[in-house]
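Chemist:
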Amino acid sequence: MNTPVRPGHIYLYKRYERFWHWSQAALIIFMLITGFEVHGSYENFGFRRAVEYHTLAAWTLLTLWAFTIFWQFTTGEWRQYIPTYKKVGAMVHYYAYGIFTGAPHPFQKTARKKHNPLQRLAYLALLSLVSPIIWGSGLFYLFYAYWKDFGIDRWLTLEAVALTHTAGAFMMLVFFIAHVYLTTTGHTPLAHIKTMITGWEEEETQH
Amino acid sequence: MKLKRIMIAAGLLAALCAPAAQATPTLGDKLPARKSTADHGKFKELQRDFKSGPEVTKACLECHNDAAEQVMHTKHWTWEVVDPKSGRKLGKKNIINNFCTSTISNEKDCMACHAGYGWQDKSFDFAKQENVDCLICHDGTGTYRKLPGDAGHPIYERKEFPHGSGKLVEATDLKKVAQNVALPSRANCGSCHFFGAGGDGTKHGDLDSSLRNPAKYLDVHMDAKGLDFTCVSCHKTSAHQVAGSRYDLSAARTGPARPRGKADDNPASCQSCHGDKPHKESLLHAERLNAHTETLACQTCHIPEYARNGIGTEQSWDWSTATKMGPDGKPLFVKDSAGRRAFDSKKGDFAWDSWLIPEYRWFNGKLSYKTVGDTIDPARTVEINHPEGGPREPGARIWPFKVHRGKQAYDPEHKYLLVAHTAGEDHAALWHNFDWPKAIEAGMRTAGLPWSGKYGFVATEMSWPITHMVAPKSEAVGCAQCHGAESRLKGVAGVWLPGLHKNDWLDLAGWSAALLALLGVLIHGSVRICVLCRKTRKAS
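In structure tokens, the structure reads:
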């Protein structure tokens, strides 16, 4: 598909990317809700339903990821997650100070580099730390019934797995809060959200 | 003419209908009323009047010549079980229970439930075949009754019962009972097992007279309109040996279902028919329920409550208030709001309840018992019996129990529970004379144990594994009943339950981090808004 053209805008997020992002967002929110119910934080669906929905959402998300990994590699988009330390300092300075004084954003988004250096680091941490914690513990948790067949019950306890999974969930919750807030830091509070829906980012003009 | 035609038509119609009606008999019409291949009413040995139980037994043994010998090898006859693990002698003859306490010196009453005739003291002849009572298990009429006080004999002549009540009970027609023997029904087994400890539902909590004709919700297997299992459908009996006993319980049978009749197996366990992986589960459940069978007994989920009826079951029996008289100095009997005994000057205080959630304990099938003369620690609640087994023990599962609590008389010097002579019409009997020292003296003398002359009361408890009143699967205990803050398994060691168990430090750290993140973005956002407002004001 040819990249469409629109003057004053850049096409940042392709259709699949947007589909992936929003369905993943919905699934993660749903899994936080059902997961903390299983954890015993509150009662909503009831324990049994919460477990069933949580499991169903997990399988759905895994399927989504299977397609997404394929997409990342066929499109070469995986390069967006290669970390860089360039301008990291400038980004920190911007969020801590510049943003209040109306300083220009130190990073100019392009279709080839759609994440600022801090974003890259955050997403990489999510991928390489939080994800393995959640999915590793989650799959052990899900397949607890089969531990005995593989002798896993001799060296692993459900408590350890459940606590690891909970720790991962808290990390995801913190990420979620920060992520949602940072969507408001565009040139208008809803600019980033709009981009994520339409795919088009208005090219930054100097105020 | 017209009338004649009508009559012919009617006749034809009748002729057509009649064979049609005969041609489609229901199956029930063709089946004999009884299941047995023998009509005992036609046997000349039974066509006579019987003066006593032993006379009937003699007649039975003329054909069933090995039956008495077989019965004599069962607990129903000996009331004694040798525990294969400890070698200790258990059984009703030796153990103490938390209700009427001990059979010793009280045989005349207790033996109303003995499968025999005449056991009233140590002199009972356990080798005399005619002493075996066939009818208590094989009465097909529902009229055979044995009353406390008669040492296991049925009612030979009309008499007043209970003593002093003014109510009359008729003599049992032994000829009719003998001619109508049958395989044991639920009512036969129930005539003793529903009424343990002297009243309907008193002892077990999962066995009472409501199981004579239960509805499906009460017991999915015994459902009178459905599967209609009798007791021996599960407690499969061979040569009068009844399978499945509290003294030898399969607490954690594993493996697939096995055909009935295998000698090496306990056919009375759930798994003997259902196997140990009985739940069909979707991928979404990933064998989660079947994994629960590694930890829980089937009964733990499938008997959500016991005593699920208005009969209820006794929760406690406090002997320490026995012999207390009413304001007029006469024995007092008080009923609770449901008409069950609440206080009896003979016996003390009682508490009853229905629809009870069991208490859950690890159990490997072995109950260790306090027998007469065992040392106790009066400073602590005495466990009359103790369910053995613990977490991660291969043969143990978490089981549901009725825990019956109470207070019993004990000897503060010898530190053991006392045997009291309770039943009887003699001057030493507690229920006749209301004199503890006399009753204890007589009981201990019969038991052959020394008594210091002092007595006190100690807190006791007895655990009864719950295994009957299996509910339909739709009524099974739901996940949240255990996986939640108000978990049924709260306090049971060795299990970690999602929804109940947490690590407080992890929760504190996690929620603090989330809260800090939220505060951080709120502050950051507020500062941005303030700066923006000031800028807009300056610009204007």
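Chains as they are written, first to last, in the working numbering: chain A, 2 to 208; chain B, 24 to 563.
Even glycine gets a Cβ: it sits at the ideal position worked out from N, Cα and C.
1) Mind listing which residues of the segment 31–46 of chain A have their C-beta closer than 9 Å to chain B's C-betas, in chain order?
2) Under three-state DSSP, which class holds Gly-213(B)?
3) Output, in chain order, the set of chain B residues within a Cβ distance shorter than 7 Å of Leu-159(A).
4) Cβ of Leu-128(A) versus every heavy atom of the ligand FMN: is any distance shorter than 7 Å?
5) Using a Cβ-Cβ cut-off of 8 Å, state whether Tyr-17(A) counts as contacting chain B.
6) Just grab the DSSP bridge partners of His-427(B) for me.
7) Does the CB of Ala-309(B) have a neighbour CB from chain A at under 8 Å?
8) Can you tell me whether DSSP reads Arg-511(B) as helix, strand or coil?
9) So Ala-419(B) and Ala-274(B) are in contact, right, with Cβ under 8 Å, and what is the actual spacing, rounded?
10) Would you mind giving the Cβ-Cβ distance between Thr-196(A) and Glu-202(A), rounded to the nearest angstrom? I have them listed as a contact below 8 Å.
11) Note down the Cα distance separating Asn-375(B) from Met-492(B), rounded to an integer number of angstroms.
12) Cutting at 7 Å between CB atoms, please list the residues of its own chain near Leu-174(A), excluding the five before and the five after it.
13) Applying the 10 Å Cβ sphere with the 16-neighbour rule, what's the burial state of Ser-486(B)?
14) Run through chain A and tell me which residues come within less than 7 Å of Arg-551(B), C-beta to C-beta.
15) To which residues does DSSP link Phe-373(B) through a beta bridge?
16) Could you tell me which of Cys-324(B), Gly-507(B), Asp-72(B) and Gly-224(B) sits nearest to Glu-382(B), measuring between CA atoms?
17) Are Ala-226(A) and Leu-307(B) touching if we call contact CB-CB under 8 Å?
18) With a threshold of 8 Å between beta-carbons, can Ala-275(B) be considered close to chain A, or not?
19) On the DSSP bridge list, what partners appear for Ile-118(B)?
20) For Gly-1(B) and Tyr-140(B), I'd like the C-alpha separation in whole angstroms.
21) What in chain B is Cβ-close to Leu-140(A), meaning under 8 Å?
22) Tell me the DSSP secondary structure of Pro-48(B) in three-state form.
23) Taking the beta carbon of Ser-129(A) as the centre, do at least 16 other beta carbons fall within 10 Å, making it buried, or is it exposed?
24) Given this structure, state the Cα-to-Cα distance separating Ala-462(B) from Ser-368(B), to the nearest angstrom.
25) Kindly identify the DSSP beta-bridge partner or partners of Leu-191(B).
26) Taking Ala-179(A) as the query, report the chain B residues whose CB atoms sit under 7 Å from its CB, ordered along the chain.
27) Using CA atoms only, rank isn't needed, just tell me which of Ser-475(B), Cys-133(B), Ala-482(B) and Leu-272(B) is closest to Val-426(B).
28) Distance cutoff 8 Å, beta carbons only. Does His-506(B) sit that close to anything in chain A?
29) Could you run through the segment 77–106 of chain B and flag, in chain order, every residue whose CB is less than 9 Å away from some CB of chain A?
30) Output the distance between the C-alpha atoms of Ile-11(A) and Gly-200(A), rounded to the nearest integer angstrom.
31) Who are the Cβ neighbours of Arg-364(B) in its own chain at under 6 Å, not counting the five residues just before and after it?
32) So, using beta-carbon positions, are Phe-177(A) and Val-131(A) closer together than 8 Å?
33) Pick helix, strand or coil for Glu-203(A), following the three-state DSSP scheme.
34) With a CB to CB cut of under 6 Å and the five nearest residues on each side skipped, what residues in its chain are close to Gly-522(B)?
35) Which one of Trp-378(B), Ile-552(B), Ile-380(B) and Gly-349(B) has the shortest CA to CA distance from Phe-366(B)?
36) Is the Cβ-Cβ distance between Ile-334(B) and Asn-121(B) less than 8 Å?
Modeler: Taking the definition as stated:
1) Glu-38, Val-39, His-40, Gly-41, Ser-42 and Glu-44
2) In the three-state reduction of the DSSP assignment, Gly-213(B) falls in the helix class, which pools H, G and I.
3) Trp-519
4) Ligands displayed in this structure: none; no statement on the ligand FMN is therefore possible.
5) no
6) Partner(s): Met-485(B).
7) yes
8) It is coil, neither helix nor strand.
9) 6 Å
10) Correct: roughly 4 Å between the Cβ atoms.
11) Before going further, note that residue 375(B) is Trp rather than Asn in the sequence given. Going by the C-alpha atoms only, they are around 18 Å apart.
12) Leu-33
13) buried
14) Ile-100 and Phe-101
15) Bridge partners of Phe-373(B): Trp-340(B).
16) Cys-324(B)
17) Residue numbering for chain A in the displayed model covers 2 to 208; residue 226(A) lies beyond these limits and cannot be assessed.
18) no
19) Thr-394(B)
20) Lying before the first or after the last residue shown, residue 1(B) is absent from chain B, which here runs from 24 to 563.
21) When 8 Å is used as the limit between beta carbons, Leu-140(A) is near no residue of chain B, the shortest such separation being about 10 Å.
22) Bear in mind that a pLDDT of 46 at Pro-48(B), under 50, signals an unreliable position, so the number given afterwards is only what the model happens to contain. In this structure, Pro-48(B) counts as coil in the three-state DSSP scheme.
23) Exposed.
24) Just so you know, the alpha carbons of Ala-462(B) and Ser-368(B) end up roughly 14 Å apart.
25) Looking at the DSSP assignment, Leu-191(B) forms a beta bridge with Glu-183(B).
26) Within 7 Å Cβ-Cβ: Ala-540 and Val-544.
27) Ala-482(B)
28) yes
29) The segment 77–106 of chain B vs chain A, Cβ under 9 Å: nothing.
30) 8 Å
31) Phe-373
32) no
33) strand
34) His-506 and Gly-507
35) Gly-349(B)
36) no
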